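Undergrad: The structure under discussion is supplied below as structure tokens; questions concerning it will follow.
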Amino acid sequence: IGYLGNGLSAGATWRAHPQLALAVSVRSGGSLDLRIADTVIASGRMPDRFGAAVRFDGIPGASVAVSVERTGWSSLGELSQTSLTAQDVWEVGAGIELSGPKLRTVPSLLYLGYRTRDLPFAIEGKSVPERFYTGGVGIPIAGPRVVLDMALQHATRGPAVGVTERAWIVSVGFTVRP
1366 IGYLGNGLSA GATWRAHPQL ALAVSVRSGG SLDLRIADTV IASGRMPDRF GAAVRFDGIP
1426 GASVAVSVER TGWSSLGELS QTSLTAQDVW EVGAGIELSG PKLRTVPSLL YLGYRTRDLP
1486 FAIEGKSVPE RFYTGGVGIP IAGPRVVLDM ALQHATRGPA VGVTERAWIV SVGFTVRP
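Right, here's the structure in full:
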């Protein structure tokens, strides 16, 4: 089983002011085929997508950002081989990055964020909401060139048909700048 399709995407950022950045991105979906070997089983279109974001750096030691995205999942059409029907969804996110205590003259970073969206497939005709709450820290290890990033996310999904999912997600990574 395989999928074969195409689409076109583009994005741009604009620094409207030294303290204000704007970004937009768009994806135009083309055809999408579900195949078994060389046989087309179903066809649809790749979902169109539009996103926009604003970042404000006018508060000393802080950056605040807000984003919004719309994905047209309903264009998948006949690709669904079940009773599930894809629906178009919105996603909204917001976050703040703060300068924290300095370590060897380099500030650490503190992160807080929130994201919400509905899943593209409803259950018994009802949308399934998904929410993420995030906190993290960036600790400079070798000046500004090596940073240890650690984050904790609390994710929730539902309720849908009496079912709710919850998860804790821990991530650890390094940023290395030559």
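When we follow my numbering, the leftmost residue of the sequence shown carries the number 1366, and every step to the right adds one. No residue lacks a Cβ here, since even glycine has one placed at the ideal position from N, Cα and C. Just so we're clear, the structure is a prediction, and the values are computed from it rather than from any experiment.
Taking all protein chains shown into account, decide if P1485 is buried (16 or more other Cβ within 10 angstroms of its Cβ) or exposed.
TA: buried
Undergrad: Do you know how far the Cα of S1439 is from the Cα of D1453?
TA: 6 Å
Undergrad: Under 7 Å Cβ to Cβ from G1409, same chain only, skipping five residues before and after it: list those, please.
TA: Short of 7 Å from the beta carbon of G1409, and not among the five residues preceding or following it, lie these beta carbons of its own chain, in chain order: L1397, S1440, L1441, G1442, E1443, L1444.
Undergrad: By Cβ distance below 6 Å, which residues in the same chain neighbour R1480 in space, the five residues on each side in sequence not counted?
TA: If you ignore the 5 residues before and after R1480, its C-beta comes within less than 6 Å of the C-beta of G1458, F1497, all in its own chain and listed in chain order.
Undergrad: Starting from the C-beta of K1491, find all residues in its chain whose C-beta is less than 8 Å away, skip the five residues before and the five after it, and write them out in chain order.
TA: Close CB contacts of K1491 within its chain, under the 8 Å cut and outside five residues either way in sequence, are with A1525, V1526 (chain order).
Undergrad: Distance, Cα to Cα, R1420 vs T1540?
TA: 22 Å
Undergrad: Specify the secondary structure class of L1397 as computed by DSSP and reduced to three states.
TA: strand
Undergrad: Could you check what DSSP says for L1441 in three-state terms: helix, strand or coil?
TA: helix
Undergrad: Work out the CA separation of V1493 and G1372 for me, nearest whole Å.
TA: 27 Å
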